[in-house]
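Undergrad:
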DNA sequence: TTGAAAGCGCTAACAC
DNA sequence: GTGTTAGCGCTTTCAA
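Chains as they are written, first to last, in this note's numbering: chain A, 1 to 351; chain B, 1001 to 1351.
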């Protein structure tokens, strides 16, 4: 049945197979398999004989063979477009990944991470991972074109969860975030502290479904309630990066000299704003009050006086992990869940 | 040969197999396989027939079956102990991961990332991934106990690369970093600017093989050359985190009131030092000059006046990726490579 | 409680 | 240039 050790190159040592264990223990292959999968169906005595053989031969079940037979890999793909710098250098995205990782590994899944540079590649990568059966399902990030993939996945019963909604009317399989509550509270807070010229550095338009879960919505609602009129000129659109925050504040200040506060959609953009404030010869929290968007630990530590919208990115990733597992195990879709943002005050404004 | 669509649950759609394609195209399975693997051995005409069938059936090769047959998965494990917060929240480690990811995906490998909380689990995880054949090889991080795993891997011809050396005398399969040159230049620079009380916030002792590639070594060498005597009391040991940096500066300043400069082994620790400086009522770069350890983009942006040792973490990860691929493809070990740190001056000291 | 035989989807060896 | 056959290492009927 089994051939002699395959003398590839120098000393490739043949790994023991389940058959080797069976032979050694004097039982059938199926019995060995049972010991690993349904051990309650095996006598204590035979089990011990098998386990001895396992130890003696240093046997480890071949995960690939198991996957082929069972038609599942116990692996989940985490695919994010926009390139590896965008992903691995964005602490907020890393929090999402961390949340997913923790949940998935706790449940015995491996995590394949992929961050192709181009959206097109990302879409291909998602399809490939799933269709080639490398993974049992994917957690994926909104990007243009993802809706088509989702459509196909729905038809073919492939499993996925999205980090945010990917098209209007998506009802299932998403772990989303509603930024409006945090933005609303943040804007109210700023107004209550006497600010009336409040800048908004929003996320890129392409990233969101315009609607009631948006930063802008919370901001506008708060202004309305306070009878402050909405000024388009106080709104900027960044791309989550430091640079875009820096640039946003620069132009905000130029066009609105009276500006005294800025609300940011992300922490890295808040850093850019802060840097721009200092470069303009102004003092953070005295001349301009900044509200950050993620409430990252680092931000709290570096800028203890900066209040922040709380972005539960870890929980979001965790939730996505839970959802994909449940979807795989039940074989049916999961209702979408939307987490809420909050607002954390850290105002020890200077003067 | 092939059974009717397996009506699991509702509508699990059967994926086309290579046999289905073969039948449809009127060729043998092997010919279909050839089209995907050695297409130059197939006539243009049959190839086209096969590809039509592939398209019509929406066929995708099953990666698991290929892996089982070929005895390789085209997947590399990236395993780091110390837990997911330590990993995903450390921008420097993310740079290593990013470097590895970019190289590996470019070469057609998937990356499985795993960050177990306990070192013990990490060691188990490394073994499992490799022994169960989930991955073709692993990139792993120094931790106590890794040396035993390496020993076993060497014996059994399993493939690995380490990010740094894991035991004294390791000669192969590592992508290491020599911190001494950067530390030396940094210390010389500080001395040349008139500093004589220079604090050192080093990495944790357990992380390094004490030797000539150490931060301390570069620091001491520079002091010696300048005829400054080495003062143990100016040296602290952190654990790469903000908190440890904060605490380090606090005690440094208490015990060395004359201190005017601090050299840090990592950027997060430098952030902690900077925060502590400000909390002590001192001004960064005027009262205390700080040198950071990683030269992260964020640090450059947030603190433009802070010089830094340059930590080529991306390159290190990239190199590790290159090495593991070469090791797998040639079947033989790779000589270890040590990257050098440099020093980047950004001194626009205030006053 | 245990075992025999078939086969998951692919490719390597060896025909033709 | 193309096809046949066996088998990668496991689990799943089904039978004993």
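We put the CB at the ideal spot given by N, CA and C, even for glycine.
Could you work out which residues of chain B lie near residue 88 of chain A, taking near to mean beta carbons separated by less than 8 Å?
TA: Neighbours of residue 88 of chain A on chain B, chain order: 1094, 1095, 1097, 1098, 1101.
Undergrad: Hey, quick one: how far does the alpha helix (DSSP H) through residue 192 of chain A stretch, first residue to last?
TA: Residue 192 of chain A -> alpha helix (DSSP H) spans 180-192.
Undergrad: Can you find a CB in chain A that lies within less than 8 Å of the CB of residue 1111 of chain B?
TA: Output row for residue 1111 of chain B: interface = yes.
Undergrad: Between residue 246 of chain A and residue 272 of chain A, which are expected to be in contact by the criterion C-beta below 8 Å, what is the C-beta distance as a whole number of angstroms?
TA: The pair is a contact, with the Cβ atoms about 4 Å apart (cut-off 8 Å).
Undergrad: Going by DSSP in three states, residue 352 of chain A sits in which element: helix, strand or coil?
TA: This structure does not reach residue 352 of chain A, given that chain A is present from 1 up to 351, and the question cannot be answered.
Undergrad: Which bits of chain B does residue 242 of chain A rub up against, with CB to CB less than 9 Å?
TA: Result: 1297, 1298, 1301, 1302.
Undergrad: Should the stretch 259-274 of chain A be called in touch with the stretch 130-148 of chain A, which here means at least 3 C-beta pairs below 8 Å?
TA: Contact between the stretch 259-274 of chain A and the stretch 130-148 of chain A is absent, because fewer than three Cβ pairs lie under 8 Å.
Undergrad: When the Cα of residue 52 of chain A is compared with those of A:26, A:66, A:136, which residue comes out closest?
TA: The candidate whose alpha carbon is nearest that of residue 52 of chain A is A:26.
Undergrad: Quick one: what's got a C-beta closer than 7 Å to residue 208 of chain A's C-beta in the same chain, skipping five residues either side?
TA: Here residue 208 of chain A scores only 49 on pLDDT, less than 50, and its place in the model is too uncertain to base an answer on.
Undergrad: Whole angstroms is fine: what's the gap from residue 1331 of chain B's alpha carbon to residue 186 of chain A's?
TA: Cα-Cα distance, rounded: 58 Å.
Undergrad: Output, in chain order, the set of chain A residues within a Cβ distance shorter than 8 Å of residue 1065 of chain B.
TA: Result: 68.
Undergrad: Would you mind reading off the limits of the alpha helix (DSSP H) that contains residue 292 of chain A?
TA: Where residue 292 of chain A is concerned, there is no enclosing alpha helix (DSSP H), although the beta strand (DSSP E) it sits in stretches over 289-292.
Undergrad: May I have the straight-line CA-CA distance separating residue 5 of chain A from residue 1201 of chain B, to the nearest angstrom?
TA: Bear in mind that a pLDDT of 29 at residue 5 of chain A, under 50, signals an unreliable position, so the number given afterwards is only what the model happens to contain. Their Cα atoms are separated by approximately 53 Å.
Undergrad: Bridge partners for residue 1236 of chain B per DSSP, in chain order?
TA: Residue 1236 of chain B is bridged to B:1201.
Undergrad: Apart from the five residues just before and just after residue 304 of chain A, which ones in its own chain have a Cβ nearer than 7 Å to its Cβ?
TA: 346, listed in sequence order.
Undergrad: Compute the Euclidean distance between the alpha carbons of residue 288 of chain A and residue 1231 of chain B, then round it to the nearest angstrom.
TA: For residue 288 of chain A and residue 1231 of chain B, the distance between alpha carbons rounds to 43 Å.
Undergrad: DSSP puts residue 177 of chain A in a beta bridge; with which residues?
TA: DSSP, once it has assigned bridges, lists A:339 as partnering residue 177 of chain A.
Undergrad: Just the chain B side, please: which residues come within less than 7 Å of residue 134 of chain A by C-beta, in chain order?
TA: What residue 134 of chain A touches in chain B: 1063, 1110.
Undergrad: Would a check of beta-carbon distances place residue 271 of chain A closer than 8 Å to chain B?
TA: For residue 271 of chain A, the answer is yes, since a Cβ of chain B falls inside 8 Å of its Cβ.
Undergrad: Of the choices B:1021, B:1198, B:1302, whose alpha-carbon is the least far from that of residue 279 of chain A?
TA: Cα-wise, what sits closest to residue 279 of chain A is B:1302.
Undergrad: In chain B, which residues lie with their C-beta within 7 Å of the C-beta of residue 115 of chain A?
TA: Neighbours of residue 115 of chain A on chain B, chain order: 1101.
Undergrad: Considering only their Cβ atoms, is the gap separating residue 173 of chain A from residue 339 of chain A smaller than 8 Å?
TA: Not in contact: residue 339 of chain A and residue 173 of chain A (Cβ atoms no closer than 8 Å).
Undergrad: Could you name the residues that DSSP lists as bridge partners for residue 110 of chain A?
TA: A:75.
Undergrad: For chain A, check one thing: does any of its Cβ atoms lie closer than 8 Å to the Cβ of residue 1247 of chain B?
TA: No, residue 1247 of chain B lies away from the interface with chain A (no Cβ there is under 8 Å from its Cβ).
Undergrad: For residue 1212 of chain B, collect the residues of the same chain with a Cβ closer than 7 Å to its Cβ; drop the 5 residues on either side in sequence, then sort them by chain order.
TA: Here the set comprises 1180.
Undergrad: Would you identify the three-state DSSP class for residue 344 of chain A, choosing helix, strand or coil?
TA: Of the three classes helix, strand and coil, the one that applies to residue 344 of chain A here is strand, per DSSP.
Undergrad: Just how far apart, CA to CA, sit residue 1296 of chain B and residue 1089 of chain B?
TA: Whole-angstrom Cα-Cα distance: 14 Å.
Undergrad: Closest by CA to residue 335 of chain A, which one among A:322, A:190, A:254, A:194?
TA: Here the closest residue by C-alpha is A:322.
Undergrad: Is the beta carbon of residue 1227 of chain B within less than 7 Å of some heavy atom of the ligand SAM?
TA: Summarising the ligand content, the structure contains no ligands, and the ligand SAM is consequently not present.
Undergrad: Taking all protein chains shown into account, decide if residue 1062 of chain B is buried (16 or more other Cβ within 10 angstroms of its Cβ) or exposed.
TA: That one is buried.
Undergrad: Taking C-beta to C-beta, are residue 308 of chain A and residue 293 of chain A nearer than 8 Å?
TA: Yes; because the gap between Cβ atoms is below 8 Å, this pair is in contact.
Undergrad: On the three-pair Cβ rule with 8 Å, is the stretch 1220-1234 of chain B touching the stretch 1255-1264 of chain B?
TA: Judged by Cβ distances under 8 Å, the stretch 1220-1234 of chain B makes contact with the stretch 1255-1264 of chain B, as three or more pairs qualify.
Undergrad: Would you call residue 312 of chain A buried or exposed, if buried means 16 or more other Cβ atoms sit within 10 Å of its Cβ?
TA: Buried, since its Cβ has 16 or more Cβ neighbours within 10 Å.
Undergrad: Pick out the complete alpha helix (DSSP H) segments inside the stretch 88-134 of chain A, 4 residues or longer, and give them in chain order.
TA: Listed in chain order, the complete alpha helix (DSSP H) runs (minimum 4 residues) inside the stretch 88-134 of chain A are 91-106, 119-131.
Undergrad: Are there three or more Cβ pairs, one per stretch, closer than 8 Å when the stretch 1072-1084 of chain B is compared with the stretch 1037-1054 of chain B?
TA: No, because fewer than three Cβ pairs between the stretch 1072-1084 of chain B and the stretch 1037-1054 of chain B fall closer than 8 Å, the two stretches do not touch.
Undergrad: At a CB-CB cut-off below 9 Å, which residues of chain B make contact with residue 250 of chain A?
TA: Result: empty, since nearest Cβ-Cβ is about 14 Å, beyond 9 Å.
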